[in-house]
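Residue numbers (this note's numbering), protein chains in the order written: chain A, 1 to 140; chain B, 1001 to 1140.
In this text, a Cβ means the ideal position worked out from N, Cα and C, and glycines have one as well.
The next block holds one structure in the form of C-alpha cells; read it before the comments.
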DNA sequence: GTGTTATATAACTAACTAGTTATCTATCCG
DNA sequence: CGGATAGATAACTAGTTAGTTATATAACAC
C-alpha cells in the first residue's frame, strides 16, 4: 500500500525543487550529453563560478548530479535516477485523476439520461462513501 | 526545432516549484479524486486556512488548479495539463542521457577491443560536431 | 620552491517563502 | 435586517534562496 517514507518525500521535494530553476535545468541539459567540469558549466551562463557551484550543490542534494574527483578537476555527471520517482509521482496522480474524471463523466451522462426521462429538476445529490466529490466539467 | 519560449520556461518553473512542496503535492492528490473547497482542504492539514489559500495560489499560478465560483464557495479542481510539459521535459533529457550513455558505452567497448589488439595507449579523441563530451564511467 | 589554475567556501545582501494572526468581503440563512 | 460562514487579503516574522565579491585550498606546471 505505497507507504511513502519521509525520506522519499524529502527526496521528491529536493528533486522538484532542483528542477524548478531554469539555470539548473540547463545545467542538467548540458550534463545529459556528457560530464563537464565547473568551469565548462560556468561559461555559457552569465553568472559567477560560485553561483554555478551552488546550483550544482542543489542538484547534488537531489541526487541528480554526482561528482568525480580527477586531480584538481571535479567533473559532474548527470544521474537520471531521481527523475524516475518524479515521473512516477506525476503519472500516478494523473491516472487517479483520469479514473475519477472518466467515472464522473459517465455519471454525468447517466444523470443526463435520467433527467431527460424523469424530473426536469434533479436536486443536489450527495453520493455515498466518505469521498466527497462533485462534477468536473469537460476539458477546456 | 523545439524553441522553448520564455513563457514555457516560466511555466515549467512554476510547475516544478509547485510540486516541490509536500503540502501542495498532498493538495493535488486530494484534488485528483474530485474537486474540493478550501475548508475541505484545510481540514486534514495542521495548518491555517490562509496558509492553504496561499498554497492554492501557487498551484493556480502553475495552472495545476482552477477555481469555480459557486456562491460563496470556491471549489478547486485539479488540472493535469501542465504536468504534461513537466514529464515531457524530464523524459526528453532522460532520453538524451540514455543515448549518450549507450553511445559512450559502446565506444568504450570498442576502445577496449582496440586497446587489447593494438596500441596500449589510445589518445584522447575529440569526435565531430560542436558537442564537447567526455567519458562517463559505467553505472555505479 | 613560485606561480597558475580549478574549485570550494565565507560573508554579505536583496528578494522571496511559508507560515502566522487579524481583518475584510461577500454570500447565505432566518 | 443581523448573524454566521466561506474565503480572500493584509501585515508581519523567521527562514531560505540566489546572487555577489573576496578569499582559501589544493593540484599542476615550471
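Annotated as proximal: residue 90 of chain A and residue 1086 of chain B, with beta-carbon spacing under 8 Å. The same chain holds no residue with a CB closer than 6 Å to that of residue 107 of chain A once the five nearest residues on each side in sequence are set aside. It is roughly 13 Å from the alpha-carbon of residue 1020 of chain B to the alpha-carbon of residue 1083 of chain B. The beta carbon of residue 15 of chain A sits closer than 8 Å to the beta carbons of 62, 63, 64, 82, 83, 85 and 86 from its chain, once the five residues preceding and following it are set aside; these are given in chain order. A:52 is the residue among A:96, A:25 and A:52 whose C-alpha sits nearest the C-alpha of residue 38 of chain A. Going by DSSP, residue 1066 of chain B is part of the beta strand (DSSP E) stretching over 1065-1067. By the neighbour-count criterion, in which 16 or more other beta carbons inside 10 Å mark a residue as buried, residue 1080 of chain B falls on the buried side.
The beta carbons of residue 1078 of chain B and residue 1031 of chain B sit about 4 Å from each other, so the pair counts as a contact at 8 Å. Using a CB distance cut-off of 8 Å, residue 23 of chain A does not count as an interface residue toward chain B.
The C-alpha of residue 1069 of chain B lies about 51 Å from the C-alpha of residue 40 of chain A. Residue 1034 of chain B and residue 1027 of chain B have their C-alpha atoms roughly 11 Å apart. Residue contact with chain B for residue 29 of chain A: present (Cβ-Cβ distance below 8 Å to some residue of chain B). Using a Cβ-Cβ cut-off of 8 Å, residue 83 of chain A counts as an interface residue toward chain B, since at least one Cβ of chain B sits closer than that to its own. Collapsing the DSSP output to three states places residue 77 of chain A in a strand. Put simply, the CB of residue 52 of chain A is far from chain B, with every gap to its CB atoms at 8 Å or more.
Note on residue 1074 of chain B: under 16 other CB atoms within 10 angstroms of its CB, so exposed under the neighbour-count rule. For residue 40 of chain A, the enclosing alpha helix (DSSP H) begins and ends at 38-42.
Beta bridge pairing from DSSP links residue 1070 of chain B with B:1073.
Here residue 1059 of chain B is buried: its Cβ has 16 or more other Cβ atoms, across all protein chains shown, within 10 Å. Where residue 29 of chain A is concerned, the enclosing alpha helix (DSSP H) starts and stops at 22-32. Here residue 1046 of chain B carries a coil assignment [DSSP, helix/strand/coil].
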